[in-house]
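Residue 1 is where the first sequence starts when you use UniProt numbering, and the numbers rise one by one after that.
From the three backbone atoms N, C-alpha and C, an ideal C-beta is built for every residue, glycine too.
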Amino acid sequence: MSSFDENDAFEGASLSARAMAALRPEADYLNELNPAQREAVELLDGPILMLAGAGTGKTKALTTRIAHLLNTGRARPNEILAVTFTNKAAREMKERVGRLLGQPAEGMPWLGTFHSICVKLLRRHAELVDLKSNFTILDTDDQLRLLKQLVQAANIDDKRWPARMLAGIIDDWKNRALTPDKVPAADAGAYNAKGVELYAQYQTRLRELNAVDFGDLLLHMVTIFQTHPDVLEQYQRWFRYILVDEYQDTNIAQYLWLRLLAGGHKNICCVGDDDQSIYGWRGAEVGNILRFEKDFPGAHVVRLEQNYRSTPHILAAASNVIRGNESRLGKELWTDKPEGEKVRLIGHWDGEEEARWIGEEIDAMQGGTRGVRPMSLDEIAILVRASHQMRAFEDRFLTIGLPYKVIGGPRFYERMEIRDAMAYFRLVVSPEDDLAFERIVNTPKRGLGDKAQQTIQRTAREHGVSLVQGARIALEQGLIKGKGGAALRELVEGLARWNAMTRGPRIEFEDDSVIDDGTAPVRYGLPEVSHIELAQIVLDESGYTAHWQNDKTPEAPGRLENLKELVNQLDNFENLQGFLEHVSLVMDNEQDSGGPKVSIMTLHAAKGLEFPAVFLPGWEDGLFPSQRSMDESGLKGLEEERRLAYVGITRAEEVCTISFAANRRVFGQWQNAMPSRFIDELPEDHVEVLTPPGLYGGGQMSAGIESRAAQANVYNSPGWKRMQARQGQYGMSQPRESRNTVIDATAVASFTLGERVFHQKFGYGGVVGIEGDKVEVEFDKAGTKKVVARFLSAKDDVPF
DNA sequence: GGCCCCTGACTTTTT
DNA sequence: GTCAGGGGCC
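Given below as structure tokens:
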């Protein structure tokens, strides 16, 4: 996100003449649409709901609609408000609109995520909610630290009432657009009856800190719109057309925000799929999309039902499952693609066998011995319900040397080292950022424990100054002495020095002699070092880089890499401020390298993606649908789980393989489970049952599966035959023969017994055995494991 | 102040 | 079974 620029957003209104000329003739892009898409693009005025099933070309319709709005002169680029949920989606839309327009969509300042757009708006109107326009956006860590302080101050036992819980409750209220005064009495009992009180205190603290959390971005804007009709009206007029992506994921605050903005002209186009609403647990309201026609009387509803992604069998399976849901608007996906393979279903004895089998399947697919064509690992994905399921696959793939990547997981900017570095940068830019100071006073260790930190807090409070100032005063008064004191002095002086570097040398003017007493405005020239150099200086001089260099844990090299990457990212920004702004909202870490890999991710993370081959393991009742979801949310929870199943199946283009295991180790305990009830909802005619005979000693499988297995004549099914043939081919006992030639011919590295080695996942260790391309390593932390040689590097090779 | 051990939790996650 | 966070001990 570029820093807010009024001209950009409101005045630099028109596309360049070049771009106007480059707009394609209407018929051109309209002819590329199917009738439903075309309708969704051409109905420009009034409310419209585009119900876009999975794989029906919704982004195409959405971006074409924007192009059409511009092309027909209905709106200038900066008069269109287009909102998405993720930065990825926003980026993609920008790119595609740009392509349609024949120039980068720079001229669309209001295409972005809910949050980034709200930041822009809130910076303009911050004073209306008692903030300054340079407010900071807190990350979840800061938020939690703040709440912990409040909880402690209120003398609440944070054992019984964890701050995390309070954070959840407050988030929930904010998602529902409830300011402390609006929290209904029914909810007031939350968090030991102190919830609302603490919520109010928290908001006060945020205001004092000139800070907001993510929820506030929306909530403050809703408040402003509700209490300042003049401001609202200004934007209602400005945003002539509104487009919303993934409408089924909106929460109440977002819904209100949209309704307020669309209140005048009602030119709002919401795109979504009620069947893909899977974020109810974080405040999304399927109701928003189900209610659309009531909210916007006279709304047009356009259904995009032609699917361009999957084969008929896959679509039929998905449709039949989702049919089990009561509350849905109803759609039927169809395609003119050729039949393809049936959805495959297989049961396993346990989770490990499931992982083993999938590993072999992937091998075979890649080698071309399974399916109609050889597949690249990039075309294959494994989608799980819960992240702990990934482990079995990681272990297995590591052992057999199958390259994989885990998508999702902790994001780049959530990592400890990135947050620490960011806290330093924040302090350098704004020395009064107390939360940032708290984070890094003693990181790296400076010998400043609880006592010293309390002294700083107390001094700051007594003098009514920031913590950095408080620390300075405490030092002057000799309140903090010894090693800690020296280190603190170094830190405080460092911060002042780095801060000065952000401003460059002072420029003195002839007419007014400048005295920098902190009140008179001082003019500064350009900084003498670039912000990139400055960042490096800060990390080095603060001792933070050294902290990780001296760290001997296996993660340390990776963390240093991340820090390097962070500094590299600065290149895309003009200064630290701009970067900080960006990073609090954005920044994902999707770089990956080194050849094709199987993707492993959660079903949630898979939304919006597609793969030729998809594996859906772990379809067991309790795991999927998740027991917890059903316990906590009953039928609503089950329906959301079912939508998750629908999302999973519809990710597949050519082959979809569903599997379940009779036994699985859960929290260290072996448990047996019934196949998922969703399996019973798969349509027989479109499913091929691969379950080998005799695997289930009767009674393990549900009657439905058993009868289905019988009907499908398992023993004669093509899949079963193929499996037999394949097993005959190279035998189950040593199925790994083709490995090296397929994956990596250079794999057989030579290691010697006793040699120190490093492994990305397991860390450091010593070689205790060698068998062909597999090396047995006794890891310092992870125990003894057999791993493929190519995943090991000699200890000196470790990148620093 | 730092390390170690014990306890308890344990679905999904963007901004 | 694993991990994180907190308490207690050195």
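Are the beta-carbon atoms belonging to THR64 and VAL83 less than 8 Å from one another?
On the first sequence, position 64 is the one that residue 64 refers to. On the first sequence, position 83 is the one that residue 83 refers to. No, Cβ-Cβ distance for THR64 and VAL83 is not below 8 Å.
I'd like the list of long-range same chain contacts for GLY482, defined as Cβ closer than 8 Å, with 5 residues on each side in sequence excluded.
Counted from its first residue, the first sequence places residue 482 at position 482. If we look at GLY482 and ignore the five residues flanking it on each side, its Cβ neighbours are GLY447.
Check whether the segment 174 to 182 touches the segment 125 to 133, counting contact only when three or more Cβ pairs, one atom from each stretch, lie closer than 8 Å.
no
Give the straight-line distance between the Cα atoms of PHE611 and SER633, rounded to the nearest whole angstrom.
The residue given as residue 611 occupies position 611 in the first sequence. The residue given as residue 633 occupies position 633 in the first sequence. Going by the C-alpha atoms only, they are around 31 Å apart.
Alpha carbon to alpha carbon, what distance is there between PRO527 and ARG76?
Reading the first sequence from its first residue, position 76 is the one you call residue 76. Reading the first sequence from its first residue, position 527 is the one you call residue 527. Near 38 Å, if we compare the C-alpha coordinates of PRO527 and ARG76.
So, for HIS686: in the same chain, excluding its five sequence neighbours on each side, which residues have a beta-carbon less than 7 Å away from its beta-carbon?
Translated into positions along the first sequence, residue 686 becomes position 686. The answer, listed in chain order, is HIS313, ALA316, ALA317, LYS342, VAL343.
Can you give the Cα-Cα distance for THR443 and LEU150, rounded to whole angstroms?
Sequence index remark: in the first sequence, residue 443 carries index 443 (1-based). Sequence index remark: in the first sequence, residue 150 carries index 150 (1-based). One C-alpha to the other measures close to 23 Å.
Thinking C-alpha only, which one of GLU640, ALA645, ASN307 is nearest THR56?
Stepping through the first sequence from its first residue, residue 56 is reached at position 56. Closest option to THR56, Cα to Cα, is ASN307.
Cβ-based neighbour list, SER133, same chain, cut-off 6 Å, excluding 5 preceding and 5 following
For the purposes of this step, residue 133 is taken as residue 133 along the first sequence, with counting starting at 1. ARG123, ALA126.
Return the first residue and the last residue of the beta strand (DSSP E) that ALA381 is part of.
By 1-based counting over the first sequence, the position of residue 381 is 381. Looking at the DSSP string, the run of the beta strand (DSSP E) that includes ALA381 is 380 to 384.
LEU383 versus PRO675, ASN78, GLN669, ARG651, residue with shortest Cα-Cα distance
Taking the first residue of the first sequence as 1, we reach residue 383 at position 383. If we check each option's Cα against that of LEU383, ARG651 comes out closest.
Alpha carbon of TYR696 to alpha carbon of ILE770, nearest angstrom:
Position 696 of the first sequence, counting from 1, holds the residue named residue 696. Position 770 of the first sequence, counting from 1, holds the residue named residue 770. Unreliable positioning characterises TYR696 in this predicted model, as indicated by a pLDDT of 40, which lies under 50. A coordinate reading is not provided.
For MET416, count the other beta carbons within 10 Å of its own beta carbon; 16 or more makes it buried, fewer makes it exposed. Which is it?
Translated into the one-based positions of the first sequence, residue 416 becomes position 416. Classification of MET416: exposed, given that the 10 Å Cβ count is below 16.
So, PRO683 versus ASN320, is the Cβ gap smaller than 8 Å?
Here the question's residue 683 lines up with position 683 in the first sequence. Here the question's residue 320 lines up with position 320 in the first sequence. In contact: PRO683 and ASN320 (Cβ atoms closer than 8 Å).
Residues near MET108 by beta carbon distance below 6 Å, same chain, minus five either side:
Position 108 of the first sequence, counted from the first residue, corresponds to residue 108. PRO77, listed in sequence order.
Considering Cα atoms alone, identify which of ILE600, ALA211, LEU44 is closest to LEU70.
Locating residue 70 in the first sequence gives position 70, where the first residue counts as 1. It is LEU44.
In three-state terms, what does DSSP make of ALA190?
Numbered from 1 along the first sequence, position 190 holds the residue referred to as residue 190. ALA190 falls in the coil class under three-state DSSP.
Closest residue to PHE437 among CYS118, ARG240, GLY46, ARG145 (Cα-Cα distance):
Translated into positions along the first sequence, residue 437 becomes position 437. The option with the nearest alpha carbon to PHE437 is ARG145.
Cα-Cα separation, HIS463 to GLN201
Position 463 of the first sequence, counting from 1, holds the residue named residue 463. Position 201 of the first sequence, counting from 1, holds the residue named residue 201. The alpha-carbon atoms of HIS463 and GLN201 are separated by roughly 22 Å.
CA nearest to the CA of GLN234, picked from ARG91, MET93, GLY264, ARG205
Here residue 234 refers to the residue found at position 234 when the first sequence is read from its first residue. Among ARG91, MET93, GLY264, ARG205, the Cα nearest to that of GLN234 belongs to GLY264.
For the candidate residues LYS636, GLU681, LYS607, ASN663, whose alpha-carbon lies nearest to that of GLY408?
Counting from one through the first sequence, the residue named residue 408 turns up at place 408. Per the Cα distances, LYS607.
Which stretch, first to last residue, makes up the beta strand (DSSP E) that contains TYR241?
Sequence index remark: in the first sequence, residue 241 carries index 241 (1-based). Residues 241 to 244.
First and last residue of the uninterrupted beta strand (DSSP E) at LEU81:
Start at 1 with the first residue of the first sequence, and residue 81 comes out as number 81. That run of the beta strand (DSSP E) goes 80 to 84.
Inside the segment 309 to 382 only - beta strand (DSSP E) runs reaching at least 3 residues:
343 to 350
So what's LEU576 in DSSP terms, helix, strand or just coil?
Along the first sequence, read from residue 1 onward, the residue named residue 576 stands at position 576. In the structure shown, LEU576 sits in a helix (DSSP, three-state: H, G or I).
Determine the direct distance from the alpha carbon of VAL768 to that of GLU776, and round the result to whole angstroms.
Against the first sequence, residue 776 aligns to sequence position 776. Against the first sequence, residue 768 aligns to sequence position 768. For GLU776 and VAL768, the distance between alpha carbons rounds to 6 Å.
Considering only DSSP beta bridges, list what ILE400 is partnered with.
Numbered from its first residue, the first sequence carries residue 400 at position 400. DSSP output for ILE400 lists no bridge partner at all.
Output the residue ranges of the alpha helix (DSSP H) runs that lie fully inside the segment 50 to 121 and measure 4 residues or longer, sorted by chain position.
58 to 71, 87 to 101
Could you compute how far the alpha carbon of LEU570 sits from the alpha carbon of VAL666?
As a first step, residue 570 must be located in the first sequence, where it is residue number 570. As a first step, residue 666 must be located in the first sequence, where it is residue number 666. Going from the Cα of LEU570 to the Cα of VAL666 covers about 43 Å.
Reducing DSSP to helix, strand and coil, say where LEU671 ends up.
Sequence index remark: in the first sequence, residue 671 carries index 671 (1-based). One point to set straight first is that residue 671 is Gln, not Leu, in the sequence displayed. In this structure, GLN671 counts as strand in the three-state DSSP scheme.
Could you tell me whether the Cβ atoms of VAL302 and TYR424 are closer together than 8 Å?
Here residue 302 refers to the residue found at position 302 of the first sequence. Here residue 424 refers to the residue found at position 424 of the first sequence. No. Outside cutoff.
Just curious, the alpha helix (DSSP H) that HIS228 is in, first and last residue?
Your numbering for residue 228 matches position 228 in the first sequence. Segment: none, HIS228 is in no alpha helix (DSSP H) and carries neither H nor E.
With ALA177 as the anchor, note down where its beta strand (DSSP E) starts and where it stops.
Position 177 of the first sequence, counting from 1, holds the residue named residue 177. Unbroken run through ALA177: none, as it is neither H nor E.
For LEU131 and VAL441, the rounded distance between their alpha carbons:
One-based indexing of the first sequence puts residue 441 at position 441. One-based indexing of the first sequence puts residue 131 at position 131. Going by the C-alpha atoms only, they are around 26 Å apart.
Tell me which same chain residues have a C-beta within less than 8 Å of the C-beta of MET630, skipping the five on either side of it?
Counting from 1 along the first sequence, the entry for residue 630 is found at position 630. Correct list, in chain order: GLY637, LEU638, GLU641.
Nearest to GLU326 (by Cα), restricted to the options GLU574, ASP350, ILE346, GLY287:
In the first sequence, residue 326 corresponds to position 326, counting from 1. Of the listed residues, the one whose Cα sits closest to GLU326 is GLY287.
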